[in-house]
Amino acid sequence: MTLFEKIIAREIPADIVFENDHVLAFRDIHPVAPTHVLVIPKKPIAMLSEATEEDAALLGQVLLGANAVAKTLGLMPGGFRVVVNNGEGAGQTVFHLHAHVIAGRSLTWPPG
Ligand code: 5GP
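Residue 129 is where the sequence shown starts when you use my numbering, and the numbers rise one by one after that.
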């Protein structure tokens, strides 16, 4: 069981921002910005590159979850960034697919 499955099971506490039948969103324990929330599907999938056509709805729910976080926290019109790290080389450390929702400071492009 991954760390995020334990958070879904309420075995590990988390600061939950949004939840529905499909996703759970909670604040990152090491925020990189004033707002840093992780959106995870309740059905585990390790990483984006393992997704198939069967995961289309799940992937949509993660992005809709990011939008729900933005609405809940009032991130618009200021703006927010949604990031998925895929694989160790991209910085992924928890192998349960998640989208980072980052906001509250100036976000430059391209990212470092
Ligand atoms: P990744 O590096 O895999 O894209 O993102 C994993 C994220 O999970 C990191 O930003 C890290 O700070 C966060 N994280 C790791 N352990 C915990 C935890 O126990 N609770 C919460 N809320 N976030 C965690």
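Cβ coordinates follow ideal geometry from the N, Cα and C atoms, glycine included.
| Asked | Found |
| --- | --- |
| So what does DSSP say about Ile136, is it helix, strand or coil? | helix |
| Is the beta carbon of Thr236 sitting closer than 8 Å to the one on Leu201? | no |
| Beta-carbon separation of Asp156 and Val167 under 8 Å? | no |
| Confirm the yes/no value for this check: CB of Gln189, any heavy atom of ligand 1, distance under 7 Å. | no |
| Compare the beta carbon distance of Phe154 and Val222 with 8 Å and say whether it is the shorter of the two. | no |
| Would the beta-carbon of Ala227 fall within 8 Å of that of Val210? | yes |
| Does the distance from the CB of Leu187 to the CB of Ala196 come in under 8 Å? | no |
| Using CA atoms only, rank isn't needed, just tell me which of Leu176, Ala198, Gly207 is closest to Ala218. | Leu176 |
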